[in-house]
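In the working numbering, the protein residues as written are 75 to 225. Report on the following structure.
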């Protein structure tokens, strides 16, 4: 099948849309999320497996044995979705179902939610044993990066 100028003009909107979607996919594929911790904590890094266990409440302590508190971003936040997908392998609906089951069976409650990445950073910086996740640009000098996770 020969491609003519006319057929290209007719398909141009579809080609532009395909290029835009591919560009958006490529941009989201390079998204990075960091797990942050309080600077006073002795833990200097977490593995993805440790972060998963902490965020799914399978453990209540940091690797050094000290108690841990975690915080989430709102369910519709893209950083939250990237974090859970990359660290736990669960999408937003699976995370919601996971916590619904744990609450129903009395096995736990989901992490507290903060409205913004800045609020997460501020909360983590304000107390020992606290961790959160944000985009790298949101992590400032008041916290330390425990894990970098690229999508």
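All C-beta atoms, glycine included, are put in the ideal place defined by N, C-alpha and C.
query: Neighbourhood of residue 164 by C-beta, 7 angstroms cutoff - its chain only, sequence neighbours within 5 removed; result: 158 and 172
query: C-beta contact flag for residue 128 and residue 208 at 8 angstroms; result: no
query: The region 111-126 in contact with the region 166-185 per 3-pair CB rule at 8 angstroms; result: no
query: Residue ranges of each alpha helix (DSSP H) within the region 109-191, 4 or longer; result: 122-129, 152-161 and 166-178
query: Neighbour-count burial assignment, residue 74, 16 or more Cβ in a 10 Å radius; result: This structure gives no information on residue 74, because the portion of the chain shown stretches from 75 to 225.
query: Beta-bridge pairing of residue 224 - partner residues as DSSP gives them; result: 106
query: Supposed contact pair residue 222 and residue 115 - C-beta distance, whole angstroms, cut 8 angstroms; result: Wrong, their Cβ atoms sit about 17 angstroms apart, outside the cutoff.
query: Paired residues, beta bridge with residue 208 - DSSP; result: 108
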